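In the working numbering, the protein residues as written are 22 to 494.
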């Protein structure tokens, strides 16, 4: 037998072995789908907002602890942040998990808008995110143990992704410094593992202080804090014409006074700035701050602001993304039952989509070089620290936008659970591939260094502020 024949035979044996490995991992997770579905739906029912996810974090911690993970709670000064790890030595593969809900999006698991009477809802599917990542970490642990492999699988419990920049504090604390690769995913309306982008983001609450007075009988004695907010908003709105067209500025007045006949002595407005380059975000934020200062000067009020969050843009790693995409293709998409098709078509109708189709949920989107996004994520800071790859799976009915009641509804059904397990399988397979192919880790690290530059120095956009633990209160 010549050398070429031997190499072909070895390659064939390796391919068969990898295929058997994938089949085993998928089979194992299929057998646990009801177990993980119950956990996800329990967190869906909690619907806890950023930095308040006490029950959600505790449930995931207990699940991982029961599987032999060493759990470290309250990391980076955040009570609901934690790390759970199993194994020892290199490589260290991180899997990210989130579990915070969004305010004002309470919804029952039904195909018509009906509030569940809660303060928040899982309109971004983070109950599925945290649970699928937990499932993947446990399956990788089982593989390491069964095959007597060296290395560490580490789950990062990441709170307050929705505006709280929870992961930034973990990165700033150096908790990713020994990680070789990080994997994450996100709920969505399709199955894809394309290199994704996300915008850098900086946010703050601007607070104006005036003088209260009777608005009818003694208006001259008052100084309206709301005037300060409105003057600021007017100037910032005029700025839109003079910033890059792909930048985003949005705000909400969180406190505008209590009664029309009382000159408000306090008012607050909450601002976001986004762009695909963090330096542009910093420049625009500085201009917004000057507008706030001018508004206070012009209205005779005082102003202060609290920095709430700040994240880097997302830096995709092509080496890892191609590995993840290949595994997603192996796993496949979601198949709806007849009842789920009825639910899905009702959701499509509620969205006003003409000629909508459920087929997208069962297929894998074609691979492309870049999948642009105008959202933001604190995964961006992780991606500048360690090679990072992500994916999305169809946890929502095709056509459903994030942060909608339709996303909350589907996330509370078996449709959400099915999409979640697609992510769990794909991430588990990708993590195991990294343990088996250390050369890919070396290649991914070289790519990261080239993209961020040799002189790169990580500087968090939120500076040295402590975690904004009360930003949702």
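Beta carbons: idealized from backbone N, C-alpha and C, even for Gly.
All of these numbers come straight from a predicted model, not from anything done at the bench.
Environment of residue i [buried if 16+ CB atoms lie within 10 Å]
| i | result |
| --- | --- |
| residue 429 | buried |
| residue 41 | exposed |
| residue 255 | exposed |
| residue 395 | exposed |
| residue 334 | buried |
| residue 494 | exposed |
| residue 422 | exposed |
| residue 380 | exposed |
| residue 36 | Caution applies to residue 36, whose pLDDT of 49 falls short of 50 and renders its modelled position unreliable; the value that the coordinates give is listed next. Under this definition residue 36 is an exposed residue. |
| residue 222 | buried |
| residue 263 | exposed |
| residue 212 | buried |
| residue 476 | exposed |
| residue 248 | buried |
| residue 122 | buried |
| residue 471 | exposed |
DSSP beta-bridge partners of residue i
| i | result |
| --- | --- |
| residue 392 | 217 |
| residue 410 | 204 |
| residue 270 | 294 |
| residue 222 | 295 and 332 |
| residue 228 | 289 and 325 |
| residue 385 | 212 |
| residue 177 | 104 and 117 |
| residue 415 | 209 |
| residue 70 | 122 |
| residue 51 | Beta-bridge pairing links residue 51 to no other residue. |
Alpha-carbon spacing of residue i relative to residue j, whole angstroms
| i | j | result |
| --- | --- | --- |
| residue 451 | residue 231 | 56 Å |
| residue 228 | residue 300 | 25 Å |
| residue 236 | residue 328 | 32 Å |
| residue 34 | residue 460 | Note that residue 34 scores a pLDDT of 46, beneath 50, so its modelled location is shaky; the value from the coordinates is reported in the next line. C-alpha separation (whole angstroms): 20 Å. |
| residue 345 | residue 129 | 33 Å |
| residue 403 | residue 177 | 11 Å |
| residue 96 | residue 180 | 11 Å |
| residue 139 | residue 127 | 5 Å |
| residue 488 | residue 398 | 16 Å |
| residue 407 | residue 156 | 22 Å |
| residue 524 | residue 426 | A query on residue 524 cannot be resolved here, the shown segment of the chain reaching from 22 to 494 and no further. |
| residue 154 | residue 490 | 24 Å |
Given residue i as reference, the closest of the options once Cα atoms are compared
| i | options | result |
| --- | --- | --- |
| residue 324 | 330, 314 and 383 | 314 |
| residue 250 | 343, 293, 215 and 312 | 312 |
| residue 218 | 196, 195, 140 and 297 | 297 |
| residue 479 | 331, 56 and 269 | 331 |
| residue 454 | 268, 114 and 247 | 114 |
| residue 191 | 270, 93, 173 and 292 | 93 |
| residue 43 | 279, 161 and 117 | 161 |
| residue 49 | 271, 99, 122 and 163 | 163 |
| residue 271 | 294, 166 and 282 | 294 |
Which runs of the beta strand (DSSP E) fall wholly inside the stretch 91-167 and span at least 3 residues, in chain order? 91-94, 103-109 and 113-119, all fully within the stretch 91-167.
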